[in-house]
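Number of protein chains: 2
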Amino acid sequence: MYLATLHNGRPDGHLVVVSTDLSRCVSAGRIAPSLQSALDDWSTHAPQLAALSRQLEARDIAGQKFVPADTLAPLPRAYQWIDGSGYLSHLERVRSLKGSKDEELQSVRPLLYQGGSDSLLAPTAPIMIPEADLALDFEAEVAVIIGPVPMRPTREQAAAAIRLVTVCNDVSLRRLVVDDLQNGFGFFHAKPSTAFAPVVATPDTLGDAWRDNRLHLPVRITVNDALYGQPNAGTDMHFDFVDIIVEAARTRPLGAGTIIGGGTISNRHDESLPIKRDGTGFACIAEARTVEKIKYGRARTAFLQPGDTVRIAAIGQNGQPVFGEIAQTVRLL
Amino acid sequence: MYLATLHNGRPDGHLVVVSTDLSRCVSAGRIAPSLQSALDDWSTHAPQLAALSRQLEARDIAGQKFVPADTLAPLPRAYQWIDGSGYLSHLERVRSLKGSKDEELQSVRPLLYQGGSDSLLAPTAPIMIPEADLALDFEAEVAVIIGPVPMRPTREQAAAAIRLVTVCNDVSLRRLVVDDLQNGFGFFHAKPSTAFAPVVATPDTLGDAWRDNRLHLPVRITVNDALYGQPNAGTDMHFDFVDIIVEAARTRPLGAGTIIGGGTISNRHDESLPIKRDGTGFACIAEARTVEKIKYGRARTAFLQPGDTVRIAAIGQNGQPVFGEIAQTVRLL
């Protein structure tokens, strides 16, 4: 089933069930007012939501038109947002010019950072930046929303906790990354609010596209309608979502509604931008720039500027966005 | 006014107003079911809660006995927990043996880390650790809970956003700190769930003890009833809470219910443990060990072991805990 959160003037919005073709939706308010409340008692609510979904799909319920522009992030605020490093080639490219010392470590265990989760952006919310020259980048990622996980879970417990799948844009201010990391306390100023696609789906709904704890779909990214990338999120994902959840729960339990990111999607290749129609490309600008530096001696692709629009969507076998589209325009505060 | 959250089997507990002497409480359920919901619309709810508090104080309402053991953390889960470095001597001591390169930077701007906030521990919850030898430490801190703050706020906006004050125990696994920081993504495994005192207070309730955006009270820490420290949280706090909030909002707004920590309380002195009855001591074991290494060539104070009990409380002028007491016993998973 597909779920979304509609804007209703309240911080947590209003939960709706969405049809598979993303054309119609129906209020789930009589089951759970918000996605977090559904997740707080998933074993009770999920079957009820699934029944409502079947009625909507069978047109026993007409529902209303689903308007992605009326959505908030599926969880407009969450109690936890943890981003993992599933794809080694992302780290290798981003770190290749810095002589990282921990390459061995990062291929044994996924790296994690604790992201801010108090304001998660709607799919069409602007990216508000306080200054134009902060080297603004997008990061297209797959994210899962989980149920409660105990400390030191088994892989089976971690896999069973995966409730919902979607894609997100982990907005990054590259110029502040070095400061954040040199301070020694980790990412903070370099990682403002993350944006999410309008719709989340249960893994079973995704059929063959969800297997091996990975999403096997291309994720297409354009900037001002130029194609920057369409890497497959299931390819070259060294650590799957279960690896990341197990690692995240090494010293702590994880609460219901925790969002886990798979890291910037990254496929191994040595193309540079612009890519051909069947090219792979990149899910962030920093990687494109690294490849350019190696190939041409200098980076050519600019970071995002005020007025630029980035679009991110996972593409299904029918060529349509599975979770709807993230479409954000950069605005100066 | 004083507020607390009672255990009721639900994740967010039940909001109560507590009497100034912490002896009685009354349900605030008819105003707001949880502290987060009160914070979501504070300008409406705070006057109603204050009126209820006055009735309780005047004994117009008898209320029920307030039992700290029945409380959860005031926010049992929060959308954000940001810890700042208010006290330079904490960083200096903890980092002194590592030859930190960023001493200059850290005295210009407070360092911040994004903490996990999906499960915040009740004041008497055990500290569950997955292994005995992780160098378990406490960190006694002052924390404030704030209302919404825009990106790049003025100092006046930041000060006006401070809603509630309390103390917390930022549990730290020192053996994992180096790994976390070498990974380059910042604190994660080294910082499991933080515990909070049973009661939060509005700044106006604290009278002279809250001034200059600091809590001017000694915070007393014992381990198995031995006095480890009673530093004054208002002394040597280089960055006040407004400095920390302004820094936290450099590239992002902050949502209602964000918890801001002032960092491990630390007063400048060169005493070592055990301290005299009027001594200052330390708000974490790592600092005591650093002073011992410098003085005696080796650390003598052990990190916490399973079975140890740490107690933390801010002490009012009447000698009583202002926010109640954190009393946690270490347990092996």
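Here the protein sequences come in this chain order: A and B. Under the working numbering, the first sequence has 1195 at position 151, and the numbering climbs by one with no breaks. Under the working numbering, the second sequence has 1149 at position 105, and the numbering climbs by one with no breaks. By construction, the Cβ of each residue, glycine as well, lies at the ideal position given by its N, Cα and C atoms.
Buried or exposed by the 16-neighbour rule on C-beta atoms within 10 Å, applied to residue i
i: A:LYS1145; result: With a pLDDT of 49 at A:LYS1145, under the threshold of 50, the predicted position of this residue should be treated as unreliable, though the coordinate-derived value follows. By the 10 Å Cβ count, A:LYS1145 comes out exposed.
i: A:TYR1340; result: exposed
i: A:VAL1374; result: buried
i: A:GLN1274; result: buried
i: B:PRO1236; result: buried
i: B:ILE1171; result: buried
i: A:THR1198; result: exposed
i: B:VAL1152; result: exposed
i: B:GLU1200; result: exposed
i: B:GLY1351; result: exposed
i: A:ALA1106; result: exposed
i: B:GLY1143; result: With a pLDDT of 46 at B:GLY1143, under the threshold of 50, the modelled position of that residue is not reliable, and no figure is offered here.
i: A:ALA1277; result: buried
i: B:ARG1074; result: exposed
i: A:GLY1128; result: buried
i: B:SER1078; result: buried
i: B:SER1067; result: exposed
i: B:THR1238; result: buried
i: A:ALA1122; result: buried
i: A:ALA1346; result: exposed
i: B:PHE1283; result: buried
Neighbouring residues, chain A, relative to residue i (Cβ below 9 angstroms)
i: B:GLY1073; result: In chain order: nothing, as chain A lies at least about 17 angstroms away.
i: B:LEU1259; result: The premise fails here: B:LEU1259 is roughly 22 angstroms from chain A at the closest Cβ pair, so nothing lies under 9 angstroms.
i: B:LEU1348; result: Under the 9 angstroms cutoff, chain A gives no residues; its nearest Cβ is about 14 angstroms from B:LEU1348.
Residue j beta carbon less than 9 angstroms from that of residue i
i: B:LEU1156; j: A:PHE1229; result: yes
i: A:PHE1231; j: A:VAL1221; result: yes
i: A:TRP1125; j: A:THR1302; result: yes
i: B:ARG1321; j: B:ARG1333; result: no
i: B:PRO1120; j: B:VAL1243; result: no
i: A:ARG1218; j: A:ALA1327; result: no
i: B:LEU1116; j: B:ALA1166; result: yes
i: A:HIS1134; j: A:SER1316; result: no
i: B:GLY1173; j: B:LEU1047; result: In the sequence as displayed, the identity of residue 1173 of chain B is Ile instead of Gly. Contact: no.
i: A:THR1042; j: A:VAL1267; result: No statement about residue 1042 of chain A is possible, as the shown extent of chain A runs from 1045 to 1377 and does not include it.
i: B:ASP1214; j: B:GLU1185; result: yes
i: A:THR1295; j: B:ALA1357; result: no
i: A:ILE1288; j: A:PRO1154; result: yes
i: B:GLY1306; j: B:VAL1188; result: yes
i: B:GLN1372; j: B:PHE1182; result: yes
i: A:SER1063; j: A:LEU1096; result: no
i: A:ARG1196; j: A:ALA1293; result: yes
i: B:ILE1212; j: B:ILE1370; result: Note on identity: in this sequence residue 1212 of chain B is Cys, with Ile being the wrong assignment. Contact flag set, yes.
i: A:LEU1050; j: A:CYS1069; result: yes
Listed by chain order, chain A residues near residue i by CB distance under 7 angstroms
i: B:MET1172; result: MET1195
i: B:HIS1233; result: ARG1294, THR1295
i: B:GLY1299; result: ARG1121, ASP1162, SER1163
i: B:LEU1271; result: Residues of chain A passing the Cβ test: none, with the nearest at roughly 29 angstroms.
i: B:LEU1250; result: Neighbours of B:LEU1250 on chain A: none; closest Cβ ~25 angstroms, over 7 angstroms.
i: B:LEU1378; result: Only positions 1045 to 1377 of chain B appear in the structure, and residue 1378 of chain B is not among them; the question remains open.
Partners in chain B for residue i, counting only beta-carbon separations shorter than 7 angstroms
i: A:PRO1055; result: ASP1084
i: A:PRO1236; result: THR1295, ARG1296
i: A:GLY1160; result: GLN1124, GLN1158, ARG1296
i: A:LEU1217; result: THR1295
Closer than 8 angstroms at the beta carbon, the chain A residues around residue i
i: B:THR1302; result: ASP1162
i: B:LEU1155; result: ASN1227, GLY1228, PHE1229
Chain B contact residues for residue i, given Cβ-Cβ distances below 9 angstroms
i: A:LEU1180; result: None at all; the shortest Cβ gap to chain B is about 10 angstroms.
Handout entry: Members of the region 1106-1125 of chain B that neighbour chain A once the beta carbon cut-off is set at 8 angstroms
Key = Along the region 1106-1125 of chain B, the positions whose C-beta sits under 8 angstroms from a C-beta of chain A are ARG1121, ALA1122, TYR1123, GLN1124, read in chain order.
Problem - Stretch pair the region 1158-1170 of chain B + the region 1267-1285 of chain B: three plus CB contacts closer than 8 angstroms - result: no
Exercise for the section: Please list the residues of the region 1352-1371 of chain A that have a C-beta atom closer than 8 angstroms to any C-beta atom in chain D, keeping them in chain order. Expected result: No chain D is part of this structure, whose protein chains are labelled A and B.
Practice task
Check distances from the C-beta atoms of the region 1219-1230 of chain B to those of chain A and list, in chain order, the residues that come in under 9 angstroms.
Solution key: When C-beta distances to chain A are compared with 9 angstroms, the residues of the region 1219-1230 of chain B below that value are LEU1220, ASP1223, ASP1224, LEU1225, GLN1226, ASN1227, GLY1228, PHE1229, GLY1230, in chain order.
Exercise for the section: Closer than 8 angstroms, Cβ to Cβ, to anything on chain B: give me those residues from the region 1084-1105 of chain A, in chain order. Expected result: ASP1084
Practice task
Take every Cβ of the region 1243-1253 of chain A, pair it with every Cβ of the region 1356-1367 of chain A, and state whether three or more of those distances are shorter than 8 angstroms.
Solution key: yes
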